[in-house]
Amino acid sequence: MTVKAEGVSKRYFRKAGGANYFYAVQPVSLEIAPGGVTVLTGRSGSGKTTLLNMLCGLLRPSEGSVWYDGTDLYALDDKVLSRLRSGQIGIVPQGRSAVDTLTVLENILLPARLYRRPLPEAAAVQWMEKLGIAPLRDARPTELSGGELRRMAIVRALAQEPEVLFADEPTGDLDDENTRLVLSAFRDYAHEKEKAVFMVTHENDALQYADRVYRMDSGNITRQPG
Amino acid sequence: MNKLPLPLVNLLRKPGRTLALALLIAFLALAVFGGSVVVLSLRGGLQSLEARLGADIILVPSEAQSKVSFQNMFLQGTTGAFYMDASVLDKALEVEGVEKAAPQTFLASLKADCCSIKIQVIGIDPALDFTVQPWISRSLSREMGDMDVAVGCKVEADVGETIRVYDQRCKVTARLEPTGTGLDTAVYCNMDTMNTLLRAAEEKGVSHRIESGDSVISAVYVKVRDGADIDAVNSCLNGHIRKVTAVRTRSMITGVSDSLAGISRTVTILIAAVWVLAIVILLLTFVLIIRERSREFAVLRLAGASRGMLSRMVLRESALCGLLGGVAGTGLAALLLFPFAQLIESALNLPYLMPETGTVLLLAVGTVLLSVGVAALSSVTAAYRLSRVDPGTALREGN
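Just so you know, the protein sequences line up as chains A and B, in that order. With my numbering applied, the first sequence closes on residue 226, and no number is skipped along the way. With my numbering applied, the second sequence closes on residue 399, and no number is skipped along the way.
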């Protein structure tokens with residue numbers, strides 16, 4: 001599945017200051033192709049997360065469109081868009097993203113459970129082993145460290161085998177060894193399964209796993225050579 | 001892995017939150033069910049009293065009102081006795097507008113060796129009686145024979161047993177249905193039995209005779225003909241029969257009815273106040289809970305939950321809390337009301353007749369459904385607000 005953004009921007013209104021609104025993301029056009037890892041870097045507050053949220057269907061753009069293989073993502077109604085997010089779009093958000101009343105394994109299988117699809121338990125266990133959180137399958141999120149929670153969110157996204165995987169600072173809470181594990185898992189997933197991975201990060205290490213690199217600065221995006 | 005539906009898992013794994021909500025709703029259910037049962041019981045008691053009195057006017061000796069409070073006799077079963085000549089019955093029947101008249105004779109037993117229990121014995125003429133007899137007939141298909149008695153439901157004697165009144169053995173032939181009034185503590189017999197008991201009481205030194213003759217009665221219950229002016233008949237009776245006072249039964253019931261209306265009003269206002277307060281608290285609680293769980297809901301959104309799914313989940317969770325609280329509150333109210341019905345009755349000092357089982361069950365089911373509905377409705381605003389929140393914004397704000 002190819003994701004295309006055409007003139008996508010996000011504008012927020014503000015009460016103070018000169019202009020009554022500002023652009024968090026200036027109109028952006030880009031393409032995320034399957035079979036590769038696309039990395040978006042940039043300084044904090046440059047609009048990376050806002051762009052990612054717009055690309056994965058979590059945040060409606062102020063202008064422009066996001067196309068998934070010819071389907072306008074924001075023309076879909078909430079029901080269809082949500083179903084798409086539970087299967088074909090994998091999302092690893094920033095920070096904590098767990099339902100505390102569920103165990104680690106239940107959190108991982110949540111997207112399939114919401115739609116009563118067969119639970120991808122085998123894939124979940126395989127990814128948990130790969131990322132070193134297999135012993136935590138029955139633990140509750142409140143018992144996990146930040147790094148473990150982050151890996152749980154990554155496994156949740158990967159276990160559904162999505163067509164496109166979006167990850168926002170996925171290695172933010174991880175040590176070097178786990179960072180390498182996660183980054184190589186993303187690269188392998190994209191290359192071996194012919195899926196698209198889009199990652200927002202300011203980790204320089206991530207660049208060597210990338211097939212395409214974009215840089216964002218004050219809401220403007222530029223493709224980096226290499 | 002737990003295969004239960006998510007709303008149930010959320011409730012089970014957050015027992016503190018669930019219990020707090022359920023308790024609040026239980027309080028509501030307790031107020032509604034408990035209050036409704038009390039009000040219905042009071043209404044039932046009043047209706048029963050009206051039906052048992054069944055007469056428009058009661059004739060009693062003039063000095064009777066100073067001797068005993070009629071209201072207490074009927075409501076609490078206070079024992080008391082007063083007598084007048086039996087000819088009052090015939091004189092009453094002569095008055096224009098009187099359709100029916102029936103005598104009753106009262107005798108209070110003693111708390112002494114000669115009597116097994118202290119009770120009010122009421123003698124009736126089954127051929128004439130139109131107040132108590134229809135009620136007795138429901139429990140006793142044949143006529144009461146000599147020394148037979150029918151006992152009110154609160155008299156501690158079973159059918160087949162004998163009770164002693166002034167050393168006379170009376171056989172219990174029927175146990176009457178509850179009325180929720182003082183009539184439940186009385187014992188009923190025919191006039192022949194009553195005369196035997198009166199003679200026996202006199203032999204024990206308890207004098208009942210009056211100067212005018214041997215044949216005595218305590219009261220005459222009068223039914224006024226349809227269309228006749230009850231007040232006019234009442235005045236005629238007062239003028240026509242000497243040393244007798246005619247009392248309108250409505251004036252006796254009015255006091256009870258007024259007290260009942262007052263209590264009903266208070267209970268209704270209390271229930272309404274509890275509901276308004278609880279609904280406001282529930283609304284605020286749900287808004288706060290949803291706010292506290294905004295990040296959890298954002299995670300559910302990015303895992304693929306639609307707005308509708310989230311709203312349904314919140315509604316189901318609150319409805320389940322409502323069900324839990326409703327059942328607990330109704331159950332608790334039942335546990336308090338039914339075993340302590342007699343205590344409530346004596347505390348209220350009013351006729352108190354519990355509704356039938358079917359009505360109570362219907363009320364219980366209604367209360368539980370109401371609790372579920374109110375809980376779900378209280379969370380609607382929160383669920384709606386939740387469904388409007390952008391998951392991207394919620395995730396960012398929750399960080």
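Cβ coordinates follow ideal geometry from the N, Cα and C atoms, glycine included.
Exposure of S29 of chain A is indicated by the presence of fewer than 16 other C-beta atoms within 10 angstroms of its C-beta. Between E163 of chain A and A124 of chain A a beta carbon distance of about 18 Å is seen, past the 8 Å cut, so the two are scored as non-contacting. Of all residues in the stretch 24-45 of chain A, none has a C-beta nearer than 7 Å to a C-beta of chain B. Straight-line measurement puts the Cα of V380 of chain B at about 39 Å from the Cα of L353 of chain B.
Between L302 of chain B and R85 of chain A, the C-beta gap is smaller than 9 Å, which places the two residues in contact.
The stretch 48-57 of chain B and the stretch 129-146 of chain B touch, with three or more beta-carbon pairs separated by less than 8 Å. Taking the Cβ atoms as the reference, A24 of chain A lies roughly 20 Å from G172 of chain A, outside the contact range of under 8 Å. Under DSSP, the beta-bridge partners assigned to Y221 of chain B are B:I58 and B:A102. Residues of chain B whose Cβ lies closer than 7 Å to the Cβ of T101 of chain A are, in chain order, V9, N10, R13 and K14. Rounded to the nearest angstrom, the Cβ distance from A210 of chain A to V3 of chain A is 16 Å, too far for a contact under 8 Å.
In the DSSP assignment, V132 of chain B falls outside any alpha helix (DSSP H), carrying neither H nor E. Under the 10 Å beta carbon count, E296 of chain B is surrounded by 16 or more other beta carbons and is classified as buried. Secondary structure of T222 of chain A (DSSP, three-state): strand.
Neighbourhood of E296 of chain B in chain A, by CB distance below 9 Å: A98, V99, D100 and T101, in chain order.
Counting the other CB atoms within 10 Å of its CB gives K10 of chain A a total of 16 or more, which places it among the buried residues.
Put simply, the backbone Cα of T245 of chain B is about 26 Å away from that of D192 of chain B.
Between L337 of chain B and G35 of chain B the beta-carbon gap is near 10 Å, outside 8 Å, which marks them as no contact. The Cβ of Y74 of chain A sits no closer than 9 Å to any Cβ of chain B. With a threshold of 9 Å between beta carbons, I133 of chain A makes no contact with chain B.
Residue contact with chain A for R312 of chain B: absent (no Cβ-Cβ distance below 9 Å to any residue of chain A). Under the three-state reduction of DSSP, S9 of chain A is assigned to strand.
In the three-state reduction of the DSSP assignment, Q126 of chain A falls in the helix class, which pools H, G and I.
Contact with chain A is absent for R385 of chain B, since none of that chain's Cβ atoms lies less than 9 Å from the residue's Cβ. Proximity of the stretch 274-281 of chain B to the stretch 84-104 of chain A falls short of the contact definition, fewer than three beta-carbon pairs being nearer than 8 Å.
The C-beta of E106 of chain A comes closer than 9 Å to at least one C-beta of chain B. With a threshold of 9 Å between beta carbons, S86 of chain A makes contact with chain B. Contact check for S306 of chain B against L102 of chain A fails: the beta carbons are separated by 9 Å or more.
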